[in-house]
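Top to bottom, those sequences are chains A and B. Converting from the first sequence to my numbering requires adding 417 to each position, the first position being numbered 1. Converting from the second sequence to my numbering requires adding 417 to each position, the first position being numbered 1. First comes the structure, then the notes that go with it.
Protein chains: 2
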Amino acid sequence: MVEVLKKTGGAEISMENLLRIFTVPEAPGSTLNRLDNDISENLAGFLQEHIVAEEADLVKIEQDFNDTRIPEVPVFVSEHTQFLLDKVVAQSVHTSSPSFVGHMTSALPYFMIPLSKIMIALNQNLVKTETSKAFTPLERQVLGMLHRLTYEQSDEFYDTWLHHGRKRLGAICSGGTIANITALWTARNRAFGPDRDFPGIHHSGMFGAMRHYGYEGAAILVSERGHYSLSKAADVLGIGRDNLISIETDSYNRICLTALERKLQELKQQRIRPFALVGIAGTTETGNIDPLDKMADIAEAYGLHFHVDAAWGGPTLFSKRYRTLLKGIERADSVTIDAHKQLYVPMGVGLVLFRDPSVLESIEHHAQYIIRQGSKDLGSTTLEGSRPGMAMLVHAGLKIISRGGYAMLIENGIELARRFADHIVTLEDFELVSDPELNIFTYRWAPADVQARLLEADEDTRREINEILSRITQVIQKEQRERGKAFVSRTRLKPECYDQQAITVFRVVLANPLTTDKVLREVIEEQREIAAGMRDSSDMRALAALVRTSV
Amino acid sequence: MVEVLKKTGGAEISMENLLRIFTVPEAPGSTLNRLDNDISENLAGFLQEHIVAEEADLVKIEQDFNDTRIPEVPVFVSEHTQFLLDKVVAQSVHTSSPSFVGHMTSALPYFMIPLSKIMIALNQNLVKTETSKAFTPLERQVLGMLHRLTYEQSDEFYDTWLHHGRKRLGAICSGGTIANITALWTARNRAFGPDRDFPGIHHSGMFGAMRHYGYEGAAILVSERGHYSLSKAADVLGIGRDNLISIETDSYNRICLTALERKLQELKQQRIRPFALVGIAGTTETGNIDPLDKMADIAEAYGLHFHVDAAWGGPTLFSKRYRTLLKGIERADSVTIDAHKQLYVPMGVGLVLFRDPSVLESIEHHAQYIIRQGSKDLGSTTLEGSRPGMAMLVHAGLKIISRGGYAMLIENGIELARRFADHIVTLEDFELVSDPELNIFTYRWAPADVQARLLEADEDTRREINEILSRITQVIQKEQRERGKAFVSRTRLKPECYDQQAITVFRVVLANPLTTDKVLREVIEEQREIAAGMRDSSDMRALAALVRTSV
């Protein structure tokens, strides 16, 4: 295709023609204009019509993106749009499909699309007020609204700090990973701050800090269900991945507090300074919530920065019915929430909140031409530099969906997950692996006779059966994805009931409000059908043999 | 306004109503639908009509964003849209105006707007192929195209590495800051990698690495014109801001090579390990380019990772006429290019390229449910996690504007800057402070008699005059911005001719293809007019007195 486009020549190149692309709108009726209208009029229809359901092989798709030569002369907009439709849109993932319940990207409210267009047309840069004007106070208001949802401070508190020159209630960024890194960066800089002649870790680095404070290292503690961004944070911050201390979890995937305290004692003896404790509100794999309140006690007792990674579960706070699940979050020093997850905003926006509006000063920076000392430029306390006005979309969500609307969406997801898990328990051929606390849980294909055999088998046989089941689960997941009608993801867990043996499980994430009980039953139906089709595979035969050898 | 919206009640809240926002498009003729169409039909007109020119006081604007209570019930989309129009769009910055020549955000090509809408409607997540499919090879192609532009490797090279499972030609991210951090993160991890029993800095952190390798610290070197993101990088990476070693520049704002070598010797004696040298291709304040080829020699001789921050100047490579200015960039280990600057893509996308496709392995990470070992998921080597499909817009720019088109845009900006600077030299009342090498330069208001006085005055008088001129420049810049017709930015420089005294200067950035010589003359005209209006100010009187005391 690319070759064809090139051969057709493309538009004549001249400064006059170039200026046209900056000044002349796409003609009504042009391919691009048509798509623009189609999306406005019927987004779901557009996606349905243009995305090919059946999955093409990635290696085959790659062939359309092989040419690394930038064309010498322009390709016509219409031709490129046709290429995008045929080769990109067609081969993209239908993330908003009600039967795609395997990832954390859901359907978007309609109003988000034209609002995004306005945001992009305005092309503001939030690094400084000179290129963002009203977007700066708007972003601060968004931070204030979510800060209030989380920390419930007084009117006076918000009146004082919301638009304050030097203080910030948080930072908006491209997503949860940057939010988590920002939080741990402040935690590190505060734990090893200026002290007598020592100018602070931000000036002297990790090595100088450890020497000045007389430690052998610094550590961050989190349960073994912690998101991989934390290990990335430990690496990038110069702490080291080995110093992200992974604490075992109980059978509900929650951090084990006695193991945590034991580890803290151990670190003390090793002269390693733990400076941050991370609680999880909605583990990525199983949707569980750590005992935040008790973790806050421990953080207080040991002088740790308490960060809560609520990238997924934060919006549970909207629900009066379920917000108590997160009790203790209001005691966190910082909290990560992803807006492109359960705030239903398009991809590319997350945020971190700080209980104390002074915390971000520990990473403050300035330059001569922007974010000068004393300015209200938000860029002085963000990890990123130039940033788009995504806050406008979060703002619109909070206003148009409202507290009550978000609560309903959250409750709908939790209750749908509950019903689906309860249904799975009644099935002969599936096994619920992790029970839903929020709207995420795991299960696997495992017929009743196999489950019975697992209960009474010796250790070796049990391991063997579980390994076969893992392979079968993986094949089912992949085959279902390739068929293109439904999608669940898969992960590996080490359930207590199988002596911590790692097993592969299906993982469902139920945040799309268009997903119904019926859709979910069809997902199971298709998985059952795929399993039936594997009847003659070597794994299935081996499994049957292992079940037959039962005493 | 917010209060009014609330009092009007908003939409009734029920799950049925909520589902409507996910399933029912905005009605034709609704406020939002109208704006959507207006932008498609006439973007420039939309911005012209809705953005208020005269600048409102930020404190006044803040009053519209004071409420931190999330509404209990939904605000109607139409009402919220009206609020956005009146309070956000109206009070945003007209970044695409031809007379706004003070920042690095320019006009956007028309086609970028509907394409952005398609990208947002698809809502892909580039962290893994499961949520991005064709977007993953597309992103790799974009990296390949810009890699080829920069490094000009063979067809075999690109055939082998473009879509390789473990190798990457670079990483796309939200902007230049993340790109620079990513580059320096790999540099740090490779300089202190695994060695005998030492598992590498990514496992053990900075402290363990310094101890194992027997250093007293690690350092990054860059000229004093380095972007502030580098100091942020030194902080976040645990190197420390004091270990970002700032090397003096010559009168063309280019790194002084003898000073650089002297510093490298000095660090050696202090047992501090310099691991990265950063060259700048387009300094933020003056648009100058470091002697990259000679820096590459030094980096080679001292075993340093050579990174080039070409966030601004990278696209100069499109121009056959000017690409030689960047000679030596092809020897860099890594190069940062911002797409939302001179690739004319909407805010929020930059990238870093690596000459050697193995470099990114030094920051590789995996998880159980995504970016598994052996997958082609791009998330295994990015600092960010979830990421939007912005690469689609970069891709469209490269195809539709083409090599030839970008070359023309670049050449137009450089030549416009040349003409404008030449014009300023002819003026009686302005002084050119830094001569343009690319399309950025600085100047200030300084009448001929003041300039003459500066030449012959004693040191104290010269300092005093320069301080007064700095204050006047600042007032003119601010007043011009507030009037809203034109915008230049300001910064502080220490020119050699004034014995390194810091002076405030106007800074112009000429990347908007709609900016003409005429527009620039009007900018000067208005500045002259503002200066004339300050006739009776104490600064102007003091300045006149100092000029009169001339011998």
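For each residue, glycine too, the CB sits at the ideal point set by N, CA and C. Source: prediction; values computed, not measured.
I'd like to know if residue 712(A) contacts chain B, where contact means its C-beta is closer than 8 Å to some C-beta of that chain.
False, the Cβ-Cβ gap to chain B never drops below 8 Å.
Since residue 867(B) is in the alpha helix (DSSP H), which residue starts that stretch and which ends it? Here the alpha helix (DSSP H) through residue 867(B) covers 865-873.
- Please work out which residues of its chain come closer than 8 Å, Cβ to Cβ, to residue 844(A), disregarding the five sequence neighbours upstream and downstream, and give them in chain order. Taken in chain order, the residues that qualify are 941.
Problem set entry | Coil, strand or helix - residue 848(B) by DSSP | Strand.
Whether residue 709(B) touches residue 745(B) by CB criterion (8 Å):
A contact, by the Cβ cut-off of 8 Å.
**Asked** Quick one: which chain A residues come within Cβ less than 9 Å of residue 969(B)?
**Response** An answer regarding residue 969(B) cannot be provided, because it is not within the stretch 418 to 968 covered by chain B.
For a cutoff of 8 Å on Cβ pairs, would you count residue 612(A) as touching chain B? No, residue 612(A) does not count as interfacial toward chain B.
Exercise for the section: On a CA-only basis, which of 765(A), 806(A), 556(A), 667(A) is nearest residue 914(A)? Give me that one, please. Expected result: For residue 914(A), the closest of 765(A), 806(A), 556(A), 667(A) by C-alpha to C-alpha distance is 667(A).
request  = Give me the Cβ distance between residue 589(B) and residue 863(B), rounded to the nearest whole Å; I'm assuming they're in contact under 8 Å.
outcome  = Contact between residue 589(B) and residue 863(B) does not hold, since the beta-carbon distance rounds to 44 Å and is not under 8 Å.
In three-state terms, what does DSSP make of residue 426(A)? Because residue 426(A) sits at a pLDDT of 46, beneath the cut-off of 50, its placement in the model cannot be relied upon, and the following sentence gives the value as read from the coordinates. Coil.
Exercise for review: Return the chain-ordered ranges of every alpha helix (DSSP H) run that is complete within the region 556-628 of chain B and spans a minimum of 4 residues.
Suggested key: 572-578, 593-608, all fully within the region 556-628 of chain B.
Query raised in the report: Would you call the CB atoms of residue 637(B) and residue 651(B) closer than 8 Å?
Result: Against a cut-off of 8 Å, the Cβ pair of residue 651(B) and residue 637(B) comes out as a contact.
Thinking just about the alpha-carbon of each residue, which of 486(B), 443(B), 544(B), 467(B) is nearest to the one in residue 787(B)? Closest option to residue 787(B), Cα to Cα, is 544(B).
| query | Can a CB atom of chain A be found closer than 8 Å to the CB of residue 506(B)? | reply | Contacts with chain A at 8 Å (Cβ-Cβ) include residue 506(B).
* Sufficient close CB pairs (3 or more, under 8 Å) joining the region 756-773 of chain B to the region 800-816 of chain A -> Three or more beta-carbon pairs separated by less than 8 Å link the region 756-773 of chain B to the region 800-816 of chain A, which places the two stretches in contact.
Q. What's the gap between the Cα of residue 472(B) and the Cα of residue 560(B)?
A. For residue 472(B) and residue 560(B), the distance between alpha carbons rounds to 40 Å.
Item to check | For residue 645(A), the three-state DSSP class (helix, strand or coil) | outcome: Of the three classes helix, strand and coil, the one that applies to residue 645(A) here is helix, per DSSP.
Exercise. If you draw a straight line from the alpha carbon of residue 730(A) to that of residue 451(B), how long is it in whole angstroms?
Worked result: If you take the alpha carbons of residue 730(A) and residue 451(B), they lie about 36 Å apart.
Given this structure, state the Cα-to-Cα distance separating residue 868(A) from residue 755(B), to the nearest angstrom. Each residue's Cα considered, the two are about 55 Å apart.
Next on the checklist: Residues of chain A with CB closer than 8 Å to the CB of residue 726(B), please, in chain order.
Outcome noted: Here the premise fails: no neighbours, minimum Cβ distance about 12 Å.
Name, going along the chain, the residues of the region 637-667 of chain A whose beta-carbon falls closer than 9 Å to a beta-carbon of chain B.
Only those residues of the region 637-667 of chain A whose C-beta falls short of 9 Å from the nearest C-beta of chain B are listed: 644, 645, 646, 648, 649, 651, 652, 653, 654, 655, 656, 657, 658, 659, 660.
Under the rule that 16 or more other beta-carbon atoms within 10 Å means buried, what is residue 903(B), buried or exposed? Classification for residue 903(B): buried.
Next item on the list: Go ahead and pull the three-state DSSP assignment for residue 692(B).
Entry: Secondary structure of residue 692(B) (DSSP, three-state): strand.
> Below 8 Å between beta carbons: does that hold for residue 822(B) and residue 435(A)?
Replying inline: For residue 822(B) and residue 435(A), yes; Cβs fall inside 8 Å.
At the level of alpha carbons, what is the spacing between residue 797(B) and residue 550(B)? Approximately 16 Å, taken between the alpha carbons.
CB contact below 8 Å: residue 558(B) versus chain A: Between residue 558(B) and chain A, the shortest Cβ-Cβ separation is below 8 Å.
**Asked** Is the number of C-beta pairs between the region 521-537 of chain A and the region 777-784 of chain A that are closer than 8 Å three or more?
**Response** Result no; under three Cβ-Cβ pairs closer than 8 Å.
Point to revise | residue 460(A) in three-state terms, based on DSSP | key: Under the three-state reduction of DSSP, residue 460(A) is assigned to helix.
(Q) Closest to residue 937(B) by C-alpha separation, out of 444(B), 966(B), 736(B), 834(B), would be which residue? (A) Distance from the Cα of residue 937(B) is smallest, within the candidate group 444(B), 966(B), 736(B), 834(B), for 834(B).
| task | Taking all protein chains shown into account, decide if residue 801(B) is buried (16 or more other Cβ within 10 angstroms of its Cβ) or exposed. | result | Residue 801(B) is buried by the Cβ-count criterion.
**Prompt:** Skipping 5 residues on each side, what residues in its chain have a beta carbon closer than 8 Å to that of residue 943(B)?
**Reply:** Within the same chain, residue 943(B) has close Cβ partners 897, 900, 902, 903.
Hey, residue 533(B) and residue 530(A) are a contact pair by Cβ (cut 8 Å); roughly how many whole angstroms apart?
Actually they do not touch by this definition, with Cβ atoms about 10 Å apart.
Sequence-distant residues of its chain with Cβ nearer than 8 Å to residue 633(B) (five each side left out): Within the same chain, 627, 687, 688, 689 come within 8 Å of residue 633(B) by CB-CB distance, once the 5 residues on both sides are set aside.
Handout entry: Collapsed DSSP secondary structure at residue 640(A) in the structure displayed
Key = Strand.
**OP:** Pull out every residue of the region 474-493 of chain A whose Cβ sits closer than 9 Å to any Cβ of chain B, in chain order.
**Re:** Across the region 474-493 of chain A, CB contacts with chain B closer than 9 Å involve 475, 476, 478, 479, 480, 481, 482, 483, 484, 485, 486, 487, 488, 489, 490, 491, 492, 493, in sequence order along the chain.
* Cα separation between residue 496(A) and residue 771(B)? -> C-alpha separation (whole angstroms): 31 Å.
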